[in-house]
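Written out as structure tokens, the structure is:
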């Protein structure tokens with residue numbers, strides 16, 4: 006894993022080493038092992054890398070060139086099938102000077118031109134400069150596991166693994182994108198392709214930018230998109246089981262390749278259970294596994310994880326988290342350089358910190374819920390039409406009654422689920438699904454935002470980012486639409502962002518075997534009734550593993566990975582929240598109404614309502630604004 010950055014100028018030969026190194030210095034945490042730099046002879050292009058050594062520790066330094074030194078590459082991530090691809094290219098006459106995965110990219114480009122990306126299996130952000138053709142290719146992996154930001158205008162393009170590097174470029178504007186900020190208060194993250202700054206965009210997964218110095222333009226091209234819906238007939242469970250078995254084992258074989266120590270993040274959930282099971286089958290070495298837990302029992306998964314580790318024979322470590330939470334919160338803003346408010350970033354940060362003392366590569370379970378229907382929201386969508394068939398004279402008083410039920414502070418309680426179900430059940434399938442993710446509704450925002458913010462917002466709706474994805478889908482099976490939607494939003498912009506930033510904060514590489522693109526493509530062909538059956542979520546994985554793992558794991562309830570934030574806000578973090586969300590701080594920013602924020606805080610402290618997600622969103626925005634603006 007690494008950090009990459011660079012800049013191309015269409016008109017001037019003014020790309021100097023000092024600027025590129027200044028940008029690159031902001032990515033030190035992503036690759037503390039070494040720095041690499043390339044400046045084109047004409048000084049119209051330059052790029053750099055901070056490298057974390059994973060493959061070919063001796064000769065794998067970047068940038069890496071082809072034989073004739075006119076194709077140069079830097080890579081953030083890993084190409085898992087580099088050994089197979091290397092053999093294929095050697096048979097075609099290519100000569101290699103290193104054993105690194107990055108060098109295969111240069112030769113694959115020589116052989117396949119712009120089609121080279123189709124031959125890569127991995128997680129990656131790539132910058133490839135072709136000195137002969139005077140063109141730059143910026144590419145991102147199929148699922149968006151690795152980040153890539155860019156700023157493009159008529160003068161050229163600059164790019165980086167993180168926004169903070171782009172902000173070192175004097176040509177980069179820091180004007181806020183208020184639509185992006187509005188989306189953040191809806192969802193707790195800024196959805197792609199926007200960033201929090203108007204001038205900076207995110208390169209979308211499965212896309213590449215072709216930047217042509219001769220034509221002086223950049224074209225955004227798609228090289229991969231999974232099939233939206235399968236047109237295949239039901240081929241029977243045994244067909245899907247056999248193929249998933251093979252795909253999981255092959256994914257783990259590839260992703261366990263490393264020249265440094267590796268391990269696994271283990272919870273009591275099915276996703277990490279599947280990874281541990283298949284990893285233990287294909288690895289000749291004992292797998293190291295790591296679990297973190299809080300003192301609060303309802304937030305602990307250590308017993309289930311321990312049972313899994315015993316069955317699969319992993320070398321297991323439990324880590325009790327009793328952190329200085331305020332200190333961690335302030336550190337998080339060093340690594341999230343746009344507003345981000347998934348509170349599980351705290352335990353993820355601490356898990357990565359602890360694991361890095363023992364390993365350099367970790368396997369993680371992201372993707373299982375979005376591929377195989379693991380969220381209870383999918384059940385809600387399935388049963389909402391039956392609720393809507395009830396007479397209005399029954400639904401209306403029931404809805405009012407539900408709103409009055411106090412919400413427990415334990416995890417995601419049944420009261421919370423019931424409230425969210427009733428609020429969204431009257432809407433379309435897509436709107437109802439959005440309501441489960443929505444933190445501040447449009448009515449909430451009208452109360453929260455300042456008059457200036459509301460005027461600039463000009464009717465923008467947080468649902469619009471979902472609509473952009475839905476427009477690609479068209480008609481189809483409701484469950485499959487929602488899975489696709491979550492893969493393109495929730496998974497991409499929340500879970501994968503959190504995993505990347507928190508692992509890179511400690512120079513730890515996190516790999517996600519379930520998101521091997523072949524598993525993603527095959528999962529899309531599995532009929533919906535093998536994913537969700539009645540009240541049973543993730544039926545596919547439960548059935549796949551039912552004779553292989555403990556029943557309490559197979560039939561266990563989903564817990565998530567959130568800390569006890571409601572209790573913290575009302576307890577140890579109370580003075581911190583009161584200080585950061587003070588009238589003076591909020592007034593100086595000018596975008597939120599201090600009175601509205603104070604009301605939320607007071608209602609939470611008095612235990613009238615559980616506002617922890619809303620308060621967490623506001624706190625992280627204020628902290629972000631103080632640091633980056």
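In this note's numbering, the protein residues as written are 6 to 634.
Ideal Cβ placement from N, Cα and C applies to all residues, glycine included.
Keep in mind the model is a prediction, meaning the values are calculated, not measured.
Quiz item: Cα separation between residue 292 and residue 514?
Solution: 16 Å
Self-check item: Distance between residue 518 and residue 199 (C-alpha atoms, nearest Å)
Solution: 27 Å
Quiz item: Does the beta-carbon distance from residue 323 to residue 296 come in below 8 Å?
Solution: yes
Self-check item: Cβ distance (whole Å) where residue 454 is taken to contact residue 462 below 8 Å
Solution: 7 Å
Quiz item: Using a Cβ-Cβ cut-off of 8 Å (strictly less than) and excluding sequence neighbours within five positions of residue 57, which residues of its own chain qualify?
Solution: 6, 7, 35, 36, 37, 38, 365, 512 and 514
Practice problem: For the segment 388-457, list the alpha helix (DSSP H) runs that are entirely contained and at least 4 residues long, ordered along the chain. | Solution: 397-408, 419-430, 434-442 and 447-453
Quiz item: How far does the beta strand (DSSP E) with residue 322 in it reach, from first residue to last?
Solution: 320-325
Quiz item: How many angstroms separate the CA atom of residue 111 from the CA atom of residue 125?
Solution: 12 Å
Quiz item: With residue 154 and residue 168 assumed to form a contact (beta carbons below 8 Å), what rounded beta-carbon distance in angstroms separates them?
Solution: 5 Å
Quiz prompt | Unbroken stretches of the alpha helix (DSSP H), 4 residues or longer, contained in the segment 521-594 | solution = 522-528, 544-550, 556-559, 570-575, 579-585 and 588-594
Quiz item: Can you name the start and end residues of the beta strand (DSSP E) that residue 244 belongs to?
Solution: No beta strand (DSSP E) holds residue 244; the alpha helix (DSSP H) holding it covers 242-260.
Practice problem: Please look up how many angstroms separate the CB atoms of residue 264 and residue 60, rounded, as I've assumed it's under 8 Å. | Solution: 6 Å
Quiz item: Over what stretch of residues does the beta strand (DSSP E) that includes residue 58 continue unbroken?
Solution: No beta strand (DSSP E) holds residue 58; DSSP gives it neither H nor E.
Quiz prompt | Cβ pair residue 81, residue 129 closer than 8 Å | solution = yes
Practice problem: Could you work out which residue in 318, 239, 310 and 275 is closest to residue 288 when comparing CA atoms only? | Solution: 318
Quiz prompt | Outcome for residue 393 when other beta-carbon atoms lying within 10 angstroms are tallied against a minimum of 16 | solution = exposed
Practice problem: Output the boundary residues of the beta strand (DSSP E) element that contains residue 171. | Solution: It is not in any beta strand (DSSP E) - residue 171 instead sits in the alpha helix (DSSP H) that spans 168-171.
Self-check item: Beta-carbon gap between residue 270 and residue 367 smaller than 8 Å
Solution: yes
Quiz item: What number of angstroms, rounded off, separates the C-alpha of residue 363 from the C-alpha of residue 325?
Solution: 16 Å
Quiz item: Roughly how many angstroms lie between the CA atoms of residue 180 and residue 201, to the nearest whole one?
Solution: 9 Å
Quiz item: Quick one: complete beta strand (DSSP E) runs, 3+ long, within the segment 64-103?
Solution: 76-84
Quiz prompt | Proximal residues to residue 101 (C-beta, below 6 Å), its chain only, five neighbours per side dropped | solution = 108
Quiz item: Is the segment 161-178 in contact with the segment 231-251, if contact means three or more CB pairs nearer than 8 Å?
Solution: no
Quiz item: When we look at the beta-carbon of residue 522 and count the other beta-carbons within 10 Å, is it buried (16 or more) or exposed?
Solution: buried
Quiz item: Looking only at its own chain, which residues have a Cβ that is under 7 Å from the Cβ of residue 354, when we skip the five neighbours before and after it?
Solution: 333, 337, 507 and 510
Quiz item: How do the segment 13-32 and the segment 83-90 stand: do at least 3 beta-carbon pairs fall below 8 Å, yes or no?
Solution: no
Quiz prompt | Span of the alpha helix (DSSP H), counted from its first residue to its last, around residue 508 | solution = 501-509
Self-check item: Beta-carbon proximity list for residue 351, same chain, < 6 Å, skipping 5 on both sides
Solution: 333 and 568
Quiz item: Where does residue 158 land, buried or exposed, given buried means 16+ other C-beta within 10 angstroms?
Solution: exposed
Quiz item: Taking the alpha-carbon positions, what's the residue 224 to residue 145 distance?
Solution: 14 Å
Self-check item: N-terminal and C-terminal residue of the beta strand (DSSP E) that residue 128 is part of
Solution: 127-135
Self-check item: Other residues of its chain near residue 208: CB distance less than 7 Å, five sequence neighbours each side excluded
Solution: 143, 145, 153, 155 and 214
Quiz item: Where do the N-terminal and C-terminal ends of the alpha helix (DSSP H) with residue 493 fall, by residue?
Solution: 483-493
Quiz item: How about residue 467 and residue 75: are their beta carbons less than 8 Å apart?
Solution: no
Quiz item: Are there 16 or more other CB atoms within 10 angstroms of the CB of residue 560, so buried, or fewer, so exposed?
Solution: exposed
Quiz prompt | Sequence-distant residues of its chain with Cβ nearer than 7 Å to residue 633 (five each side left out) | solution = 342
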